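Residue numbers (this note's numbering): 171 to 503.
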């Protein structure tokens with residue numbers, strides 16, 4: 171797949187905010203735009219988290235929103251909403267702008283002032299003048315299918331916040347977050363004994379940089395690996411004077427190992443790390459710094475819209491954010 175060398179806008183996320191962004195851009199005469207979406211269709215969170223027949227409202231939790239831009243919708247059921255969005259995409263002639271199954275792992279500004287967007291697919295690194303982040307917050311951390319016994323729950327985590335110096339830690343997962351957690355713990359030099367566990371024998375879901383670092387650390391003995399085997403269950407490992415008990419991990423190959431902590435990086439976590447790595451300043455609640463009138467973040471040319479900047483969860487608000495962002499981009503052309 172070939173793309174023009176520098177795009178006008180790259181939109182990350184094909185939820186309501188992302189859809190509205192590409193339509194508003196088309197109406198503003200901005201043609202060199204693509205939308206990168208990690209799922210295989212638009213509106214993925216609505217497809218996953220809304221029950222069949224659930225009503226999709228314009229207002230949210232008593233807050234009323236009026237549409238500011240060109241993209242609107244009629245309140246309806248989940249299924250009708252998805253039909254409305256598909257029709258809007260087709261009517262605007264922007265269906266070819268959507269690139270599905272493309273996970274974006276990095277957004278960085280280069281020395282030329284353009285953004286470089288790293289994607290894990292054949293698109294490789296894309297350059298753009300402006301970027302709109304519309305990735306939402308509805309996803310929750312993916313949890314494994316087995317139970318977490320209450321006794322050891324404090325030692326089973328979804329990030330590195332609770333890790334203590336000198337602990338024996340197992341990181342579970344095969345994506346970028348898992349890799350970054352594993353080699354990041356090694357790089358902290360706090361004496362942790364770190365193992366990366368992934369159910370597949372080969373690491374295929376990490377971007378090339380993370381994969382290279384992980385494989386290098388494993389080869390050098392800095393990072394232990396337990397690849398090609400899944401976890402069957404976790405249980406308390408009872409010892410006198412140790413509270414909460416350490417975690418005994420039972421693997422599906424019949425082996426067991428005891429760890430001080432298990433960190434799960436199975437996807438679906440909040441976008442805080444992604445925003446930070448993009449240079450966006452966050453407050454103590456993990457909310458990004460941005461201009462409410464233009465939706466531009468503290469990084470010039472990088473815009474944040476929708477649920478990623480507010481807990482309101484309103485589709486109408488996401489549409490309005492998209493309008494403000496594209497209007498600002500068009501005014502600066």
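Backbone N, C-alpha and C fix where the C-beta goes; we use that ideal spot for every residue, glycine too.
Computed from a predicted model, the values in this text were never measured in an experiment.
Bridge partners for residue i per DSSP, in chain order?
i: residue 273; result: According to DSSP, which records beta bridges pairwise, residue 273 is partnered with nothing at all.
i: residue 365; result: 340 and 394
i: residue 287; result: 277 and 296
i: residue 179; result: 203 and 300
i: residue 405; result: 418
i: residue 356; result: DSSP lists no partner for residue 356.
Decide if residue i is buried, meaning its Cβ has at least 16 other Cβ atoms within 10 Å, or exposed.
i: residue 452; result: exposed
i: residue 422; result: exposed
i: residue 391; result: exposed
i: residue 428; result: exposed
i: residue 373; result: buried
i: residue 186; result: buried
i: residue 172; result: Any reading at residue 172 must be qualified, since the residue scores a pLDDT of 46, below 50, and its modelled position is unreliable; the value itself is stated next. The residue in question, residue 172, is exposed, as its Cβ has fewer than 16 Cβ neighbours within 10 Å.
i: residue 208; result: buried
i: residue 178; result: buried
i: residue 358; result: exposed
i: residue 219; result: exposed
i: residue 261; result: exposed
For residue i, which option in the options has the closest C-alpha, if you only look at C-alpha atoms?
i: residue 343; options: 461, 376, 419 and 336; result: 376
i: residue 197; options: 219, 253, 264 and 180; result: 264
i: residue 479; options: 190, 458, 389 and 370; result: 458
i: residue 297; options: 355, 488, 279 and 352; result: 279
i: residue 416; options: 401, 403 and 432; result: 432
i: residue 258; options: 320, 400 and 212; result: 212
i: residue 444; options: 245, 224, 288 and 269; result: 288
i: residue 362; options: 345, 350, 393 and 246; result: 393
i: residue 222; options: 242, 201, 237 and 250; result: 250
i: residue 320; options: 494, 404, 203 and 226; result: 404
Ignore the nearest five residues each way along the sequence and tell me which others in residue i's own chain have a CB closer than 7 Å to its CB.
i: residue 407; result: 415, 416, 417, 418 and 428
i: residue 467; result: 450, 458, 459, 460, 473 and 474
With a Cβ-Cβ cutoff of 8 Å, do residue i and residue j count as a contact?
i: residue 449; j: residue 304; result: no
i: residue 352; j: residue 333; result: no
i: residue 381; j: residue 354; result: no
i: residue 190; j: residue 488; result: yes
i: residue 325; j: residue 430; result: yes
i: residue 244; j: residue 254; result: yes
Within a Cβ cutoff of 6 Å, which residues of the same chain sit near residue i, ignoring the five residues on either side of it in sequence?
i: residue 160; result: No statement about residue 160 is possible, as the shown extent of the chain runs from 171 to 503 and does not include it.
i: residue 367; result: 340, 342 and 396
i: residue 256; result: none
i: residue 398; result: 371
i: residue 492; result: 187, 190, 191, 194 and 475
i: residue 485; result: 186
Take residue i and list the residues in its own chain whose beta-carbon comes closer than 8 Å to its own, dropping the five residues that flank it on each side.
i: residue 285; result: 180, 277, 278, 279, 297, 298, 299, 300, 301, 471 and 472
i: residue 356; result: 362, 364, 387, 392 and 393
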